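Enquirer: Residue numbers (the numbering used here): 130 to 289. For each residue, glycine too, the CB sits at the ideal point set by N, CA and C. None of the values given here were measured: they were computed from a predicted structure. Handing you a structure now.
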Amino acid sequence: MPLPPALLARLAKRGIVKPTDQDEEIIAEDYDDNNVDYEATRIENLPPNWYKVFDPACGLPYYWNVETDLVAWLSPNDPSAVVTKAAKKLRGRKDDEMDPMDPSAYSDAPRGTWSSGLPKRNEAKTGADTTAAGPLFQQRPYPSPGAVLRANAANQIPKE
């Protein structure tokens, strides 16, 4: 952890700490993906909106339709090419599907995560049923003022 600038200046003035040059920030040259091979795309005479792209994980080229977001390992001009959706998109859709063996698949209960039923750190304890709906939405009794102050203090970022 670096020293505060004021303390560092005083220690440098006494000769305890040697003054250091500020490290120059290094900024990356290019944030864009240069995986698209435009020259090969032009030479191979691909259909409109298709580009040859290199997969950084395996280093092999694949073909990508930027409009429909379809991909293929072989050129779309090749009759044996299998054009599919990207594996990442298919995996995401599979994660969203409901498991038919899950009991909540057949109920009206909302789908949650492992931690959705646990109490949250920044909520004051009210003693009321927070799952109540309808006319009980007011959630009385109100929290004690001390519980609200403790909850607010826990949510504040400590000042340095």
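How would you write the range of the alpha helix (DSSP H) that Leu278 sits in, first residue to last?
Expert: Element bounds for Leu278: Pro274 to Asn284.
Enquirer: Beta strand (DSSP E) containing Leu189: first to last residue?
Expert: Unbroken run through Leu189: none, as it is neither H nor E.
Enquirer: Would you mind stating whether Phe199 and Val212 have Cβ atoms separated by less than 7 Å?
Expert: Checking the sequence shown, residue 199 turns out to be Leu, not Phe. Taking 7 Å as the Cβ cut-off, Leu199 and Val212 qualify as a contacting pair.
Enquirer: Roughly how many angstroms separate the alpha carbons of Pro274 and Pro229, rounded to a whole number?
Expert: Their backbone Cα atoms lie some 46 Å apart in a straight line.
Enquirer: What would DSSP say about Thr170, mapped onto helix, strand or coil?
Expert: Helix at Thr170.
Enquirer: Kindly indicate which three-state DSSP category Lys142 falls into: helix, strand or coil?
Expert: The answer is helix: DSSP assigns Lys142 an H, G or I state.
Enquirer: Grab me the residues of Ala169's own chain with a C-beta within less than 8 Å of its C-beta, minus the 5 sequence neighbours each way, in chain order.
Expert: Here the set comprises Lys181 and Pro190.
Enquirer: Distance, Cα to Cα, Ala282 vs Lys142?
Expert: Going by the C-alpha atoms only, they are around 39 Å apart.
Enquirer: Please report the straight-line C-alpha distance between Leu247 and Cys187, rounded to a whole angstrom.
Expert: So the alpha carbons of these two residues sit roughly 42 Å apart.
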